[in-house]
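Peer 1: Submitted below is the structure of interest, expressed as structure tokens.
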Amino acid sequence: MNPVKSKTTLLTAAIALVPVLALTLGIPLANRVDPRIFGMPFLPAYIAFWILLTPPIMLAVYRLERRA
Amino acid sequence: MNAVIAIGVIATVLVLTFGLGIFGVRRVTMDPEQFIVGGRSFGAVFLWLLLAGEIYTSFAFLGAAGWAYGRGAPAFYILCYGTVAYILSYFLLPPIWRLARRHDLLTGPDFFVQQYGSRGLGALVALVGFVFLVPYVTLQLTGVQVLLGIAGYGALNSLGAVALAFALVVAFVFGTGLRGVAWASVVKDALVLIAVVFVGVALPIRFFGSPAAVVDHLLAKYPHWTTLTGDTSNNGVIWFVSTVVLTALGFFMWPQSAAAIYSAKSEETLRRNAIALPLYQLMFLFVYFAGYTALLVMPGLKGPAADQSFMLVIAKYYSPWLLGFVAAAGCLAGLVPASVQILAAASIVSKNVLGDMLGLAKSSEDQTRATRVLVLVVAFLAFMFWAFAKTTLVGLLLISYNGITQLFPGAVLSFARVRPSPAGVAAGIITGIVALAAFAFTGTTIVAGINIGVVALTVNFAVTFAVGYLVNVRVPALSPEGSSE
């Protein structure tokens, strides 16, 4: 049924926690207008940056869980 | 004449889309397993569409722009919560899917019945899902009504139009079940994506030359519009963080999410979706730009009227053909998710309350029949809620989420090594909802800067722990985890 096993470890959970923290507790630190990035104010640019980063981070988690 | 063109375009698009949905299921026999979870055979693409359907709704289309227009930076919470929810889903959904596959679970409440061995708890969870789906369906209904009203250029009776739209959606759900809805989602997502990119790029360029220039104008006129103010009484930083956490935890507690999860072909499908879906969130940036443009071009809309912002701009400055196309995409964004939600609300009550708890609808024919009657009940309740409670689209979404997130403690603790007793989980859910009702009664949505949903959730967790672990002796689970592997 499930030929390749995935195993969540402390390491993979910690990696996944990074974007979660950035998009929750990190928000007060990014709550500003400048510097503007590609014309966007800093706060939405910061959020968009982490959204773009999340798939590669989760892909890394996926790969690591395969090997574990 | 303008109204005839715009409404004509909407009608054509709706008929073609629903036609595709009905065509897509023409050779599938409708037992409950097909009707509710699509025969558990959906691969990555179909599943993507169903899970993403949660995002591409009336709420995304109009509500997010409405908040960007009416409140500014608090609207950014929408970008964050979906992303956080998808990360959580990577870890949470595969075990839920395995359990559902092993025990042939059909609904979200079935999961609670399985994990806690209590049909009463399943019935309670079903009722909570049912009740808090009503404002969510109302949200979709309100979106459709706003769009039809604007596309009618004031000439259309919006009450009649909305009743018609709902009749359409009920007929569609009756005819096809979940599989047909997934087909309709294909068209919906494509059209909404095109419409959203258009309003987020073309509107700023037409009025200000570029999207970046919109921000310049916006910041010149409203310098604090893209940052959260320190004011804790209204949508400040603490509200933002608490709301992101609350909605991310509630994201997969919906009955329709359970249907989507169970319909997956494999747990790998779920993981791959969890990795890729955050990118879908970025389309909200376009919606915000549309909202900002509307704020600068047509200021002065207050309260729920802000939800109409960029559509009014299109109605005033563009051709009725274009208005019709954008409004059609928006109508689908309301009607397709509404179908999924109505179907989910109806099926949990028919299976977990009428069938399992009360023993009224035992055979699968009876349950399919009861589901269909309940579809009408949900549609009617949502209609009543629409007629009496007038709030913004985001306001409606937050009411729904405050309620549904109360299921999270029971869902997550069911994977704990020692589970709380079902009575504890039930007590937690009930206390959380009573707390929400008390806040609603006093008209409070924020306490000390914190979203009340988080306050209720905290109380819920505390009661679940107290009653679930301390008062009762723990009840062994119906079947130990991992026994059949």
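Just so you know, the sequences run in chain order A and B. For the first sequence, the working numbering gives the first residue as 1, with consecutive numbering after it. For the second sequence, the working numbering gives the first residue as 1001, with consecutive numbering after it. Built from N, CA and C at the ideal position, the CB exists for glycine as well. Predicted model only: the values in this text are computed from it and were never measured.
Of all the CB atoms in chain E, is at least one closer than 9 angstroms to the CB of A/Thr9?
Peer 2: Included in the structure are the protein chains A and B, with no chain E among them.
Peer 1: Applying the 10 Å Cβ sphere with the 16-neighbour rule, what's the burial state of B/Val1162?
Peer 2: So B/Val1162 counts as buried.
Peer 1: CB B/Ala1274 to CB B/Ile1096, shorter than 9 angstroms?
Peer 2: Contact: no.
Peer 1: Ordered along the chain, which non-local residues of its own chain (more than five positions away) have a Cβ less than 7 angstroms from that of B/Val1336?
Peer 2: Cβ neighbours of B/Val1336 beyond the five flanking positions: Gly1053, Val1181, Ala1184, Ser1185 and Lys1188.
Peer 1: Three or more C-beta pairs closer than 8 angstroms, one from the stretch 1425-1442 of chain B and one from the stretch 1455-1463 of chain B: is that the case here?
Peer 2: At 8 angstroms Cβ cutoff, the stretches touch.
Peer 1: What is the DSSP secondary structure of A/Ala16, reduced to helix, strand or coil?
Peer 2: DSSP places A/Ala16 in helix when its eight states are reduced to three.
Peer 1: Quick one: grab the DSSP three-state call for B/Asn1451.
Peer 2: Here B/Asn1451 sits in strand by DSSP.
Peer 1: For chain B, is any of its Cβ atoms less than 9 angstroms away from the one on A/Ala14?
Peer 2: No, because no Cβ of chain B sits closer than 9 angstroms to the Cβ of A/Ala14.
Peer 1: Can you pull the DSSP bridge partners for B/Ile1446?
Peer 2: In DSSP, B/Ile1446 forms a bridge with B/Asn1451.
Peer 1: Would you say the stretch 1237-1257 of chain B touches the stretch 1076-1090 of chain B, given that touching needs at least three Cβ pairs under 8 angstroms?
Peer 2: Output reads yes: the stretch 1076-1090 of chain B touches the stretch 1237-1257 of chain B.
Peer 1: What are the boundary residues of the alpha helix (DSSP H) that B/His1224 is part of?
Peer 2: Note, B/His1224: premise wrong, no alpha helix (DSSP H); not H, not E.
Peer 1: Given a limit of 9 angstroms on CB to CB distance, which residues of the stretch 23-40 of chain A reach chain B?
Peer 2: Those would be Leu23, Thr24, Leu25, Ile27, Pro28, Asn31, Arg32, Val33, Arg36, Phe38, Gly39 and Met40, in chain order.
Peer 1: Cutting at 7 angstroms between CB atoms, please list the residues of its own chain near B/Met1253, excluding the five before and the five after it.
Peer 2: If we look at B/Met1253 and ignore the five residues flanking it on each side, its Cβ neighbours are Ile1404, Thr1405, Leu1407, Phe1408 and Ala1411.
Peer 1: Any beta-carbon of chain A closer than 9 angstroms to the one on B/Ile1275?
Peer 2: So yes, B/Ile1275 belongs to the interface.
Peer 1: Looking at A/Asn31: is its Cβ nearer than 9 angstroms to the Cβ of B/Leu1228?
Peer 2: Contact: yes.
Peer 1: Are the stretch 1276-1287 of chain B and the stretch 47-57 of chain A touching by the rule of at least three beta carbon pairs closer than 8 angstroms?
Peer 2: They touch, by the three-pair rule.
Peer 1: Jot down the residue ranges of each uninterrupted beta strand (DSSP E) in the stretch 1079-1119 of chain B, minimum 3 residues, whole runs only, in chain order.
Peer 2: Those beta strand (DSSP E) runs which fall completely within the stretch 1079-1119 of chain B and span 3+ residues do not exist here.
Peer 1: Classify B/Ala1345: buried if its beta carbon has 16 or more other beta carbons within 10 angstroms, exposed otherwise.
Peer 2: That one is buried.
Peer 1: Is the beta carbon of B/Gln1308 sitting closer than 9 angstroms to the one on B/Val1137?
Peer 2: No. Outside cutoff.
Peer 1: Identify the residues that DSSP records as bridge partners of A/Ile37: which are they?
Peer 2: Answer by DSSP bridge pairing, in chain order: A/Met40.
Peer 1: What residues in the stretch 1194-1220 of chain B bring their beta carbon closer than 7 angstroms to a beta carbon of chain A?
Peer 2: The stretch 1194-1220 of chain B vs chain A, Cβ under 7 angstroms: Pro1211, Ala1212, Val1215 and Leu1219.
Peer 1: Is the distance from the Cβ of B/Trp1239 to the Cβ of B/Ile1450 below 9 angstroms?
Peer 2: Against a cut-off of 9 angstroms, the Cβ pair of B/Ile1450 and B/Trp1239 comes out as a contact.
Peer 1: Hey, B/Val1169 and B/Phe1061: beta-carbon distance below 9 angstroms or not?
Peer 2: It is not a contact, given that the beta carbons lie outside the stated cut-off.
Peer 1: Quick one, which of B/Val1173, B/Tyr1077, B/Phe1385 and B/Ala1202 has its alpha-carbon nearest B/Leu1322's?
Peer 2: Answer by Cα proximity: B/Ala1202.
Peer 1: Anyone know if the C-beta pair for B/Ala1126 and B/Lys1351 falls short of 9 angstroms?
Peer 2: In contact: B/Ala1126 and B/Lys1351 (Cβ atoms closer than 9 angstroms).
Peer 1: CB-CB under 6 angstroms to B/Ala1333, same chain, minus the five flanking residues each way: which ones, in chain order?
Peer 2: Closer than 6 angstroms at Cβ, skipping near neighbours: Tyr1056, Thr1057, Ser1058, Phe1061 and Val1192.
Peer 1: With a threshold of 7 angstroms on Cβ separation, who are the neighbours of B/Thr1444 within its own chain once the five nearest residues in sequence on each side are excluded?
Peer 2: Excluding positions up to five away in sequence, the list reads Ile1452.
Peer 1: What in chain A is Cβ-close to B/Tyr1262, meaning under 7 angstroms?
Peer 2: Simply none; closest approach about 16 angstroms.
Peer 1: Kindly indicate the opening and closing residues of the alpha helix (DSSP H) around B/Phe1310.
Peer 2: From DSSP, the alpha helix (DSSP H) with B/Phe1310 extends over Ser1309 to Tyr1317.
Peer 1: State yes or no: is the C-beta of B/Val1353 within less than 9 angstroms of the C-beta of B/Phe1289?
Peer 2: Taking 9 angstroms as the Cβ cut-off, B/Val1353 and B/Phe1289 do not qualify as a contacting pair.
Peer 1: Under 7 angstroms, CB to CB, which of the residues in the stretch 1079-1100 of chain B have a partner in chain A?
Peer 2: From the stretch 1079-1100 of chain B, only Leu1079, Cys1080, Thr1083, Val1084, Ile1087, Tyr1090 and Phe1091 have a Cβ closer than 7 angstroms to chain A.
Peer 1: Can you give the beta carbon distance from B/Phe1284 to B/Ala1064, rounded, assuming they're within the 8 angstroms contact cut?
Peer 2: Going by Cβ atoms, the distance from B/Phe1284 to B/Ala1064 rounds to 6 angstroms, so yes, they are a contact pair.
Peer 1: Can you tell me whether DSSP reads B/Met1253 as helix, strand or coil?
Peer 2: Coil at B/Met1253, not helix or strand.
Peer 1: So, for B/His1103: in the same chain, excluding its five sequence neighbours on each side, which residues have a beta-carbon less than 6 angstroms away from its beta-carbon?
Peer 2: Answer for B/His1103: Gln1114, listed in chain order.
Peer 1: Mind reading off the beta-carbon distance from B/Pro1094 to B/Glu1365? Whole number of angstroms is fine, and I expect it under 8 angstroms.
Peer 2: Incorrect: roughly 33 angstroms between the Cβ atoms, too far for contact.
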